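Numbering (the working numbering), first residue to last: 738 to 905. First the structure, in the form of structure tokens, and then the observations on it.
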DNA sequence: GCCAACGTTGGC
DNA sequence: GCCAACGTTGGC
């Protein structure tokens, strides 16, 4: 079992979209390194769903790989912004996996939160100029982000509870 | 909207 | 194969 981080702009496709759709083919990745990581993915691998170009940017939830990489259909579609004229059905260039919704965090674990955790300093997404939209994550880092999400969910529940008390 | 980082393209 | 020009990503 491996662990990954996949970036999506929530204006384009957010964790809420994945929750509603249940699964999605991760089309549109046009970077060779990111493509190769998707080819490495196995069914059941877990994914940190990251919101980029968002306020705040950060991990919004968890997904898992539900289908192995297949040719990305958008590369053959002349009307798609992801169309690649060099790709043919016989020789596809771009591949993508299907991912399934697992969970949406109560609160986004922001990039600032991640940076603030001493134990995550060597996480790939925190490195300067890390633009890769699909990247591997170490298990210890994955587990820690999940713990941070659980802790932040508890705190948010406590805040709500004490807020209710004050109103009584 | 700015801009640093970095990938890709194409002339040579 | 080098490298300048250009495009994209994505945080701020």
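The C-beta atom is built at its ideal place from N, Cα and C for all residues, glycine as well. In this text, all values refer to a predicted model and were calculated from it rather than measured experimentally.
Leaving out five residues before and five after residue i in sequence, what residues of the same chain have Cβ atoms less than 8 Å from its Cβ?
i           : result
residue 787 : 742, 743, 744, 745, 794, 795, 796, 797, 862
residue 857 : 851, 863, 878, 881, 882
residue 958 : Lying before the first or after the last residue shown, residue 958 is absent from the chain, which here runs from 738 to 905.
residue 817 : 811
Please return the same chain residues whose Cβ sits closer than 7 Å to the Cβ of residue i, not counting the five positions on each side in sequence.
i           : result
residue 850 : 795, 885
residue 834 : 763, 775, 778, 802, 804, 805, 806
How would you label residue i, buried or exposed, when you count the other beta carbons within 10 angstroms and need 16 or more for buried?
i           : result
residue 872 : buried
residue 784 : buried
residue 899 : exposed
Quick check on this structure: which residue in the options has the alpha carbon closest to the alpha carbon of residue i?
i           : options            : result
residue 806 : 756, 901, 778      : 778
residue 836 : 771, 867, 888, 780 : 780
residue 812 : 865, 829, 800      : 829
residue 764 : 891, 867, 859, 821 : 821
residue 749 : 888, 771, 790      : 790
residue 758 : 766, 800, 740, 774 : 800
residue 825 : 874, 817, 808, 839 : 808
Take residue i and list the residues in its own chain whose beta-carbon comes closer than 6 Å to its own, dropping the five residues that flank it on each side.
i           : result
residue 847 : 793, 795
residue 843 : 890, 893
Tell me the residue span of the alpha helix (DSSP H) that contains residue i.
i           : result
residue 801 : Note, residue 801: premise wrong, no alpha helix (DSSP H); beta strand (DSSP E) at 795 to 808.
residue 815 : Element bounds for residue 815: n/a, residue is neither H nor E.
- Item | Complete runs of the beta strand (DSSP E) confined to the segment 828 to 891 [at least 3 residues] | 832 to 847, 871 to 874
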